[in-house]
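Undergrad:
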Amino acid sequence: MGTVTHLPNVGAILAQEYASRGWTVESTAIGLELVASATVCGVELPAGTASRIQQFLRVHMLAGPVLEVPGTGRHVFLASTAKSGSNAVVALRSLGAIVHTAGARIPLPPTYLLTGPVRWAPGSVATHLPPLVAVSAALRTHTPVRRPLVAAS
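So this is what it looks like as structure tokens:
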């Protein structure tokens, strides 16, 4: 079970809900933060790419929670790292993803940043976290492979 630090008022209900999912959540002056751990991480991608990845995960029944970071045009997929090695992290980073690993802090709703409120992306599923390797596979599937040019003979 996750842990929650002391929270005043409205964010407490959401913090308890997040903690019931096994997430470590901390209160800040502007909202709530998920503390990435050995079992939960975030994969940050441009919104256009994120929508294709979310569709891929949904088709394969692996969709999970996705955050919209206001003003950045980026989304953060929350993923399970419990059975993932560092190979998935390396693969994601090589494809341009920003991977928020153990110790990183990821804003959760109802956090309000200078650019606006953090929200759950439309169509994201909050019931379970997809494995990090599934997010990595989805990104590989939707990233064009750069092939070396071969001279015509």
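When we follow our numbering, the leftmost residue of the sequence shown carries the number 224, and every step to the right adds one.
Note that CB positions come from ideal geometry on N, CA and C, so glycine has one too.
With distances taken from CA atoms, which of Val341, Leu301, Ala314, Pro333 is nearest Ala327?
TA: For the purposes of this step, residue 327 is taken as the residue at position 104 of the sequence shown. For Ala327, the nearest C-alpha among the options comes from Leu301.
Undergrad: Please report the straight-line C-alpha distance between Thr350 and Gly287, rounded to a whole angstrom.
TA: Position 127 of the sequence shown, counted from the start, is the residue given in the question as residue 350. Position 64 of the sequence shown, counted from the start, is the residue given in the question as residue 287. One C-alpha to the other measures close to 7 Å.
Undergrad: Just to confirm before moving on: does the CB-CB distance between Ser274 and Leu352 stay below 7 Å?
TA: Within the sequence shown, numbered from 1, the residue matching residue 274 stands at position 51. Within the sequence shown, numbered from 1, the residue matching residue 352 stands at position 129. It is not a contact, given that the beta carbons lie outside the stated cut-off.
Undergrad: Is it true that the CB of Leu285 sits closer than 7 Å to the CB of Leu318?
TA: Locating residue 318 in the sequence shown gives position 95, counting from the first residue. Locating residue 285 in the sequence shown gives position 62, counting from the first residue. No. Outside cutoff.
Undergrad: Judging by CA-CA distance, which residue of Trp246, Ala360, Ser359, Thr251 is the nearest neighbour of Ala259?
TA: Position 36 of the sequence shown holds residue 259. Among Trp246, Ala360, Ser359, Thr251, the Cα nearest to that of Ala259 belongs to Trp246.
Undergrad: Could you tell me which whole alpha helix (DSSP H) segments of length 4 or greater appear in the region 257-309?
TA: The region 257-309 contains these whole alpha helix (DSSP H) runs: 270-282.
Undergrad: Arg180 by DSSP, collapsed to three states: which one?
TA: No information on residue 180 is available, as it lies outside the stretch 224 to 376 that the chain covers here.
Undergrad: Quick one: what does DSSP say Arg363 is sitting in, helix, strand or coil?
TA: Position 140 of the sequence shown, counting from 1, holds the residue named residue 363. Arg363: helix per DSSP, three-state reduction.
Undergrad: Kindly indicate which residue of Ser250, Ala314, Ala252, Thr262 has the alpha-carbon position closest to the one of Arg244.
TA: Working through the sequence shown from its first residue, we reach residue 244 at position 21. When only C-alpha atoms are compared, the closest one is Thr262.
Undergrad: CB-CB under 6 Å to Ile236, same chain, minus the five flanking residues each way: which ones, in chain order?
TA: If you number the sequence shown from 1, residue 236 lands on position 13. So no residue of the chain qualifies.
Undergrad: Are the CB atoms of Ala320 and Leu268 nearer to each other than 7 Å?
TA: Counted from its first residue, the sequence shown places residue 320 at position 97. Counted from its first residue, the sequence shown places residue 268 at position 45. Taking 7 Å as the Cβ cut-off, Ala320 and Leu268 qualify as a contacting pair.
Undergrad: Once DSSP output is grouped into helix, strand and coil, what is the label at Ile321?
TA: Counting from one through the sequence shown, the residue named residue 321 turns up at place 98. Strand at Ile321.
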